[in-house]
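Numbering of the first sequence is given in our numbering, commencing with residue 3 and proceeding in unit increments.
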Amino acid sequence: MNEYTRLADTIFPNIKETLEDIEKKYPPRNISSSAEVTRFAPSPTGFLHTGSLCTAMIAKKVAKDSKGIFYLRIEDTDQKREVAGSDEQVTKELIKFNIVPDEGYFSEVLEKGKYGPYKQSKREYIYQVIVKHMISQGMAYPCFCSFEELDAIRKIQEAKKERTGYYGEYATCRNLTPGEAISRVQAGIPYVIRFKSKGNHMEHFAIHDEVKGDLNLSQNDMDIVLLKSDGLPTYHFAHLVDDHFMHTTIVIRGEEWLASLPIHIELFDTLGFKRVKYAHLPVIMKIDETGKKRKLSKRKDPEAAVSFFLEAGYPVEALMDYLLTIANSNYEQWMLANPGVSSDEFKFSFAHTASDGALFDLDKIKNISKDNLARKSGEQLTEYAYKWSKEYSKDLKEIIDRDYNYFVKIMSIEKDKENPRKDYENYGEIFDKVKFFYDDYYEEIYNKGLDLRSDFSHELIKKVIANFIEYSDMKLKEEDWFEVCKENAKQIGFAPNKKELKNNPDIYKYMIADYMEIIRVIITGRKNSPNLYYCLNIIGLPRILERLEKVAGNL
RNA sequence: GGCCUGUUGGUGAAAUGGUUAACACAUUGCCCUCUCAAGGCAACAUUCACGGGUUCGAAACCCGUACAGGUCACCA
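1) What is the C-beta distance between L325 and L55, in whole angstroms, given that I count them as a contact (C-beta under 8 Å)?
2) Keeping to the same chain, check which residues put their C-beta closer than 7 Å to that of F458; ignore five residues upstream and five downstream.
3) Where does G256 fall in DSSP's three states?
4) Span of the beta strand (DSSP E) holding F484?
5) Under DSSP, the beta strand (DSSP E) around M287 begins and ends at which residues?
6) DSSP state of G555, grouped into three classes?
7) Could you spell out the range, first to last residue, of the beta strand (DSSP E) harbouring T40?
8) Would you tell me roughly how many angstroms separate the C-alpha atoms of F207 and H241, rounded to the nearest one?
9) Should D216 go down as buried or exposed, given a rule of 16 or more other Cβ atoms within 10 Å for buried?
10) On the premise that I471 lies in contact with L550, defined as a C-beta separation below 8 Å, what is that separation, rounded to the nearest angstrom?
11) For a test of the three-state rule: what should DSSP assign to V318, helix, strand or coil?
12) Count the C-beta pairs between the stretch 96–107 and the stretch 71–78 that are closer than 8 Å, then say yes if the count reaches three, no if not.
13) For L234, which of V436, A314, V133, S262 has the nearest alpha-carbon?
14) Using a Cβ-Cβ cutoff of less than 6 Å, which residues in the same chain neighbour R1 once the five nearest sequence positions on both sides are dropped?
15) Quick check: the stretch 424–444 against the stretch 499–516, are there 3 or more CB pairs under 8 Å?
16) Please state whether the Cβ-Cβ distance between I540 and K417 is less than 9 Å.
17) Here's the rule I'm using: 16 or more other beta-carbon atoms within 10 Å means buried, otherwise exposed. How should Q493 be labelled?
18) Leaving out the 5 sequence neighbours to the left and right, which residues in its chain are closer than 7 Å to V187 when beta-carbon positions are compared?
19) Using 8 Å as the cut-off, can you tell me whether the stretch 527–535 makes contact with the stretch 440–454, which would need three or more C-beta pairs spanning the two stretches below that distance?
20) What are the residues that DSSP puts in a beta bridge with P144?
21) Report buried or exposed for K131, applying the criterion of at least 16 other Cβ atoms within 10 angstroms of its Cβ.
22) With which residues is G167 paired in a DSSP beta bridge?
23) I'd like to confirm the pairing. Which residues does DSSP put opposite P235 in its beta bridges?
24) Would you call the CB atoms of Q139 and D232 closer than 9 Å?
25) Are there 16 or more other CB atoms within 10 angstroms of the CB of E560, so buried, or fewer, so exposed?
26) How many whole angstroms separate the CB atoms of E258 and P284, which I take to be in contact at a CB cut-off of 8 Å?
27) Quick one: using the 10 Å Cβ neighbour count with 16 as the cut-off for buried, is F149 buried or exposed?
28) Where does R186 sit, in a helix, a strand or coil, going by DSSP?
Here it is in structure tokens:
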């Protein structure tokens with residue numbers, strides 16, 4: 003038994019299994035060589051971030067496009083930052099956006115797949131086996147430096163204007179003999195396990211990134227921490243172990259990880275593990291108050307949390323479409339050329355992924371969302387809005403519940419036209435725009451006061467109401483009905499069009515638009531509404547008369 | 001500060017050495033129109049961060065400069 007093995011046994015006396023044993027437990031996946039295995043690996047520190055959703059979407063797409071596997075892994079190795087329950091929350095939100103993992107973590111009681119556990123805190127044993135192996139091979143060692151000592155080292159480095167970190171001559175614990183290390187461990191001195199880097203910072207190596215292209219990076223020479231004093235791994239080590247044994251083929255993550263790529267490469271090479279491919283995605287940016295670019299921030303930007311879009315009632319496909327336009331520059335053209343086709347049909351390619359971060363553009367999402375809602379039929383729109391309302395809007399749910407078909411009629415206004423109306427940006431806007439179709443809400447609007455223009459005299463308004471009641475025939479077809487309205491209006495002095503009004507200022511003071519405005523405001527309580535003919539038809543003659551007579555009577 | 005990455009209009013971007021720098025969002029104007037929402041048409045980068053070079057020819061290639069972002073933890 004050599005010294006390193008003794009050290010390893012001293013630190014992990016209860017670990018009997020070897021690296022080979024673990025390898026056997028997680029054999030290569032039985033999939034074709036072109037199939038990609040991707041993962042989404044959030045740390046449960048809060049709600050799902052819009053940028054993370056984008057990353058997850060891409061990972062899912064890459065797996066799906068290649069008939070591979072997409073799995074979800076929870077990276078909960080930092081117990082200090084952990085927010086209770088957010089692992090399940092993130093998972094649920096992901097699924098709401100139709101990003102359903104093929105395997106991985108679903109909840110505390112449900113995991114799918116043979117490569118688990120998929121929650122890092124439950125994989126402690128595996129990490130320890132690997133670390134023990136590394137110690138016994140002289141690839142890793144215990145470090146007894148305290149936070150204070152580390153801090154002192156950093157200060158010296160800063161003073162000398164050298165790189166900060168635990169490396170080279172500063173990595174004092176790497177020179178401890180196994181014997182010395184054993185006695186310190188036995189003496190109960192706290193320690194972490196560090197990687198013994200063989201890299202040279204002055205030397206470079208070539209590496210290909212799917213997004214960034216060919217890179218030339220400095221070798222790593224940091225003796226980074228593998229296992230923290232609490233026995234849990236750092237991100238770097240967990241990445242090595244998990245992505246190796248779960249047989250990830252391509253790691254898709256944010257570009258904040260690019261700087262530590264040399265560490266990961268050295269780790270994979272040292273263990274003799276097959277390197278994975280990498281795709282480092284740019285982060286979504288935003289212009290802050292001072293005019294500077296910065297990352298979308300969960301604290302400052304409501305749109306950084308996906309719940310923002312869920313609550314506002316944007317269709318999930320709209321957000322996904324938008325994120326895809328950022329992720330693949332050719333997606334927008336494809337989307338325009340294939341209206342209504344699911345984005346699942348689109349082939350994602352890293353060749354069209356920008357390498358710098360886009361500014362988040364809410365206007366664009368609104369536009370995409372409007373299009374999306376306009377394309378839905380009245381029935382579909384009602385179905386989706388109703389589903390949304392169950393979770394996010396009592397008021398909307400309540401009016402739909404009163405009479406589902408009545409609501410469908412409202413949502414169907416002019417849907418059969420060549421260019422359907424784009425009335426709503428999201429489900430959250432519907433209620434307010436639709437209230438007037440309901441008598442109790444109309445009553446509310448009426449009581450607040452109808453917004454009739456002040457240059458309309460009471461006499462004029464009464465005249466219009468009387469004329470409309472007498473001559474308007476709701477049984478007519480739309481065009482005919484409107485023609486009749488024009489004629490009637492003309493009888494009481496309203497020009498039938500702009501030209502006539504302009505050309506005959508002595509005859510006309512008002513035109514048909516004004517006539518209709520009076521009716522519109524009285525019936526709907528607003529100056530703008532969808533096509534009046536359809537509104538009136540849905541509300542029905544008795545209630546129209548009621549509203550008109552009420553106004554006339556109170557003038 | 002070191003290292004890495006990037007820079008085409010207000011925004012997302014196309015164009016990978018060859019005529020007027022696509023397209024989409026936003027904005028503005030006009031048309032259509034019962035209002036609104038749409039829709040149609042048009043305007044919006046004399047120029048691709050800046051300086052130099054290579055070339056018959058550069059937004060594209062090379063070199064500098066500037067600016068921006070990322071990163072330098074027992075956080076991920």
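Beta carbons: idealized from backbone N, C-alpha and C, even for Gly. A quick note: this is a predicted structure, and the numbers were derived from the prediction, not measured.
In terms of the structure at hand:
1) In this structure L325 is in contact with L55, their Cβ atoms being roughly 7 Å apart against a cut-off of 8 Å.
2) Excluding sequence neighbours, F458 sits near I520.
3) Under the three-state reduction of DSSP output, G256 falls in the strand class.
4) Premise fails: F484 lies in the alpha helix (DSSP H), 480–493, not in any beta strand (DSSP E).
5) Boundaries of the beta strand (DSSP E) harbouring M287: 287–289, taken from the DSSP string.
6) DSSP places G555 in the helix class (H, G or I) of the three-state scheme.
7) Unbroken beta strand (DSSP E) run through T40: 39–42.
8) Answer to the nearest angstrom: the Cα atoms are 21 Å apart.
9) Exposed, by the Cβ-count rule.
10) With 8 Å as the limit, L550 and I471 qualify as a contact, their Cβ atoms being about 6 Å apart.
11) For V318, the three-state secondary structure derived from DSSP is helix.
12) Taking 8 Å as the limit for Cβ pairs, the verdict is that the stretch 71–78 does touch the stretch 96–107.
13) Minimum Cα distance to L234 is reached at V133.
14) Limits of the chain in this structure are 3 at one end and 557 at the other, which puts residue 1 out of reach.
15) Judged by Cβ distances under 8 Å, the stretch 424–444 makes no contact with the stretch 499–516, as fewer than three pairs qualify.
16) No.
17) Burial check for Q493: the Cβ neighbour count within 10 Å stays below 16, so the residue is exposed.
18) Once the five neighbours on either side are set aside, the close Cβ partners of V187 are T12, I13, P144, Y193.
19) Short answer: they touch.
20) Per DSSP, the beta-bridge partners of P144 are I195.
21) Checking the sequence, you will find Val at residue 131 rather than Lys. Buried.
22) The partner list for G167 (beta bridge, DSSP) is empty, contrary to what the question assumes.
23) Residue pairing of P235 in beta bridges, as defined by DSSP: L229.
24) Result no, Cβ atoms of Q139 and D232 do not sit closer than 9 Å.
25) No statement about residue 560 is possible, as the shown extent of the chain runs from 3 to 557 and does not include it.
26) The Cβ separation is near 10 Å, so there is no contact.
27) Answer is exposed; the Cβ neighbour count stays below 16.
28) Three-state DSSP puts R186 in a helix.
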